[in-house]
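The sequence shown begins at 16 in this note's numbering and counts up one residue at a time.
Data first, discussion second: the structure below is written as structure tokens.
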Amino acid sequence: MASALKIIEIGDKPFVKSAFPNETAYFSTAFVPAPADPQSGHHTISARTLPRLRHLLQDETVSLIVCHPTFFSPWHWRWISRALFNRRTLQGHVPLVRAFGPQLLRGPVSAPIAVVDQDDFPLINRGNLFLLDRCTTYFKRELPADRWRVFLKTAHANLPSHRFRQLPRYTKRLAKLRPLSLGLPLDRDVSQMPVGVPKTSDIFFAGRVEASSWVRQAGFQELLALRDRGIIVDVPDKPLPPDEFYRRCASAWLTWSPEGYGWECFRHYEAPVCGSVPVCNLPPLERHRPLVDGEHAVFYPVEPGGLTKAVVDALADKPRLAHMAEAGREFVIANHTPQALGAYIVEATLAAAEKAR
16 MASALKIIEI GDKPFVKSAF PNETAYFSTA FVPAPADPQS GHHTISARTL
66 PRLRHLLQDE TVSLIVCHPT FFSPWHWRWI SRALFNRRTL QGHVPLVRAF
116 GPQLLRGPVS APIAVVDQDD FPLINRGNLF LLDRCTTYFK RELPADRWRV
166 FLKTAHANLP SHRFRQLPRY TKRLAKLRPL SLGLPLDRDV SQMPVGVPKT
216 SDIFFAGRVE ASSWVRQAGF QELLALRDRG IIVDVPDKPL PPDEFYRRCA
266 SAWLTWSPEG YGWECFRHYE APVCGSVPVC NLPPLERHRP LVDGEHAVFY
316 PVEPGGLTKA VVDALADKPR LAHMAEAGRE FVIANHTPQA LGAYIVEATL
366 AAAEKAR
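Next up, the structure:
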């Protein structure tokens, strides 16, 4: 399939390009973009490159267009103020034009559009609703179990009502939604992550607790209290560099992985690759190829005592945990690397476009 593909990707990260590096031309909307390298297909959206991008979007040889939505439209006062009152602007780097990249999709295009929304919040911003109309598929990281809630306070003034849920325009929009995991970080090489490390702790956690999710704040004291039961809890007192984080993760039977600003987080997928079983609070989402409770991960209710019971029960059978860690590693590598997720986005969108013909 890859040899016949020609993909245009617009957004703040070359996500699909990581899966199809030779087939994808990437145009960056990042506020602080990486240096452009046109020879390898990396471009920065600017007044100079916008006309070329517009031309490519209408090129009949293009197979697929991938777009990562911006948080604000380019005419929103927050985007304008952020772009103008920035030290890089004083250095001659004005990012105002970059947000216009996705807006080109309002015009004529020659290929199906896949929107890839990896933001923390379970909503679709009002300024991005046009992408939901224009696309073939809309991949949403934090997709609520009740999909209608993506319109909460955006397309609808409150929780979408019975009448609103009967409107054909919105039922059609909803049918385009697809779940998407956050998966592993784009800059991580699975082959360089530790595995088979001797276990020196029972459960590991490193992450922000204060000013993060209530789940973390409520669960943290419960986590520390496990020490009173003789459980070895590894909680560093300062942020760890990535290599040390992965080493400590690999040396623990379990890794506590509570939600942060969104339920999806990298730790859900990093832990299994390192040979540790993630302990996650129950998800409120529709998920893509999800980790399975008791097979790849341990899930717990957030009510008091839920975390304690889940950890104590899991540690009672360490041979089972070793098997779960191995199964989880294989599952994540097969389904939740950026390359696997990029392939899923491309294949699902092209299949949906073919079905709609």
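For every residue, glycine included, the Cβ atom is placed at its ideal position computed from N, Cα and C.
Run of the beta strand (DSSP E) containing residue i, from where it starts to where it stops
i	result
K155	T152 to K155
D217	S216 to F219
T169	No beta strand (DSSP E) contains T169, which DSSP labels as neither H nor E.
L269	A267 to W271
P40	Reading off the sequence shown, one finds Ala at residue 40, where the question assumed Pro. It spans T39 to S43 - the beta strand (DSSP E) in which A40 sits, taken as one unbroken run.
Sheet register partners of residue i (DSSP bridge)
i	result
A129	V81 and T152
F295	The amino acid at residue 295 is misidentified as Phe; the sequence shows Cys. Looking at the DSSP assignment, C295 forms a beta bridge with F314.
W278	Note: W278 sits in no beta bridge, so no partner.
T59	S43
L300	P159
Three-state secondary structure (DSSP) of residue i
i	result
E24	strand
R193	strand
F87	coil
V347	helix
D308	strand
P159	strand
V248	strand
L336	helix
T186	helix
V212	coil
Q73	coil
R223	coil
F35	coil
D134	coil
P48	coil
N143	helix
L65	helix
C264	helix
P200	coil
P287	helix
P256	coil
P29	coil
Per-residue burial, residue i [other beta carbons within 10 Å of its own, 16 or more giving buried]
i	result
E38	buried
S196	buried
N143	buried
E362	exposed
P287	buried
T151	buried
L119	buried
A265	buried
V307	exposed
L146	buried
D148	exposed
R244	exposed
E310	exposed
Y276	exposed
H303	buried
N173	exposed
G236	The identity of residue 236 in the sequence shown is Gln, whereas the question assumes Gly. Exposed, by the Cβ-count rule.
V327	exposed
A325	buried
E157	buried
A34	buried
V31	buried
G122	exposed
The alpha helix (DSSP H) enclosing residue i, as first and last residue numbers
i	result
Q54	Run containing Q54: none; DSSP gives neither H nor E here.
Q207	Run containing Q207: none; DSSP gives neither H nor E here.
L322	G321 to L330
A363	P353 to A371
S176	It is not in any alpha helix (DSSP H) - S176 carries neither H nor E in the DSSP assignment.
V124	Unbroken run through V124: none, as it is neither H nor E.
A233	W229 to A240
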